[in-house]
Amino acid sequence: MTTTIDDAEIAKFQAMAAEWWDPEGKFKPLHMLNPCRLDYITRQIAGEFDRDLSTNAPFAGLRILDIGCGGGLLSEPMARLGATVVGVDAAERNIPVAQAHAAQSGLEIDYRHTSAEALLETDEAPFDVVLNMEVVEHVSDPLAYLTACQRLLRPGGLMICSTINRNPKSYLMAIIGAEHVMRWLPKGTHEWSKFITPDELFALIEQAGLRPEDRMGFVFNPVLWSWKLSDRDLSVNYVTASVKPA
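In my numbering, the protein residues as written are 3 to 248.
If you want it as structure tokens, here you go:
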């Protein structure tokens, strides 16, 4: 089986697995970013599948795959919105953490220690949505990985993919700021050379057989200590939406 798993990258997240649900721990940046991510994800899914977010369980009937699910910070909200969720992660230690928290929350989520490529070798039914958040910058072959994501989608399915831009500002903020100054993440969590510009990601998404439809920036406000979406500033963190042609 071919794989895009980078063992060195997985080891970094194995070491932090127990801290997924600690809002003041090593995943504090994700806890801070999560409301902004969820706002984008839920609106994109609702728009693509004509769902009303004001109703009870608006995502009922949708199968969602959360790749790189970690401790379940995105899988759990998707399940609460009524979706059938499969969460996968290549870091084995993340899975029992996610399973335990889902059980405590009374949620049924199918968590698995596996990869996108491995799922393709099973009889897994295609998904309506693939969440691919902050993963592509950690794999060994982004195009092969995105192609696997495309193959896991049904025709008309939606992929949400976020990552980090590659420029001097992203080096300053995502590595110097987050890892060395604020110490939100252990040093070495990210490699600047693996960051991907928005144009590069759109090109990779198209090569993988998907149709890019939208991109937005996640912008951190150090005064308000919060994140917001921006259609103009994609200089550091950003997110994209793409569809598998029917």
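In this text, a Cβ means the ideal position worked out from N, Cα and C, and glycines have one as well.
| Check | Outcome |
| --- | --- |
| V99: first and last residue of the uninterrupted alpha helix (DSSP H) it sits in | N96 to Q106 |
| Of the listed residues L64, T116 and V238, nearest to S172 (C-alpha basis) | V238 |
| Same chain, Cβ closer than 8 Å to D54, neighbours up to 5 away in sequence not counted | A48 and P60 |
| Option nearest T116 by Cα separation, candidates V245, D91 and I43 | D91 |
| Per DSSP, the bridge partner or partners of R217 | T242 |
| Boundaries (first-last residue) of the alpha helix (DSSP H) holding F204 | P200 to Q209 |
| Where S172 sits in the DSSP three-state scheme | helix |
| Same chain only: Cβ atoms within 8 Å of D41, ignoring 5 sequence neighbours per side | L231 |
| Extent of the continuous beta strand (DSSP E) run through K230 | S228 to S232 |
| When D24, P31 and I7 are compared against P224, the one with the closest alpha-carbon | P31 |
| Simplified DSSP state of F222, which is helix, strand or coil | strand |
| Simplified DSSP state of D130, which is helix, strand or coil | strand |
| Inter-stretch contact at 8 Å, needing at least 3 Cβ pairs: the stretch 145-154 / the stretch 194-210 | yes |
| For V245, the nearest candidate out of I7, E202, I162 and G70 (CA to CA) | I162 |
| T5 (DSSP reduced to helix, strand or coil) | coil |
| Cβ neighbours of F222 in the same chain (closer than 6 Å, five flanking residues each side left out) | W229 |
| Residue(s) in a DSSP beta bridge with L155 | F129 |
| Helix, strand or coil at L55 [DSSP, three-state] | coil |
| Pairwise C-alpha distance: D235 and E21 | 30 Å |
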